[in-house]
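Report on one structure; see the data block that follows.
Spelled out as structure tokens, the structure:
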């Protein structure tokens, strides 16, 4: 005959095994959900930044906007002088800040950002960094305005210098200016 203690032990073991299987399933489910969230964020990022309107705005902000020095910038593009350019800049900067926040939070990986928009984000930061820093010091922007974008730009610039050091000189701003981003 089967002993009651043996049946009770088998019952405990079966319960423990069931609990282990449930825990393993739960962990696998969480991992899969995390992958799906990253894929959704990446898709949303691409849809947001790779639209024709966004690319057109980025082109205006990055390629069509030119100045010699800070005074020239302020006379041509300051928000009080050229509100349309200001709106376009802030649109791009805010999108980059959001991507930087997602990267810092671990919601999106740097390889994805680098592959999709690395050059645009690096060049835009290199171009506007002195302007942003001026407005931070001047009090027009808060001290922490665009800190996530700054963090992202430094990480992307470092990746660029490691993966494609020769192509850094091909940017509109040159290798020297981008190395300043790395050192800061």
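Residue numbers (our numbering): 1 to 184.
From the three backbone atoms N, C-alpha and C, an ideal C-beta is built for every residue, glycine too.
Given the structure is predicted, the values throughout are model-derived calculations rather than measurements.
Under the three-pair Cβ rule at 8 Å, the region 19-28 does not count as touching the region 56-72. Annotation for residue 129: the continuous alpha helix (DSSP H) segment containing it runs 110-138. Annotated three-state conformation of residue 100 is helix, per DSSP.
Secondary structure at residue 155: helix, using DSSP grouped into helix, strand and coil. In terms of Cα proximity to residue 160, the closest of 10, 116, 133, 102 is 116.
Here DSSP, grouped into helix, strand and coil, assigns residue 147 to helix. From the listed residues 93, 56, 30, the smallest Cα separation to residue 124 is found for 93. Sequence-distant Cβ neighbours of residue 42 in its own chain, meaning closer than 6 Å and more than five residues away, are 112. Within a 10 Å sphere around the beta-carbon of residue 102 sit 16 or more other beta-carbons, which makes this residue buried. Rounded to whole angstroms, the Cβ separation of residue 146 and residue 121 is 12 Å, and the two are not in contact under 8 Å. Annotated three-state conformation of residue 106 is coil, per DSSP.
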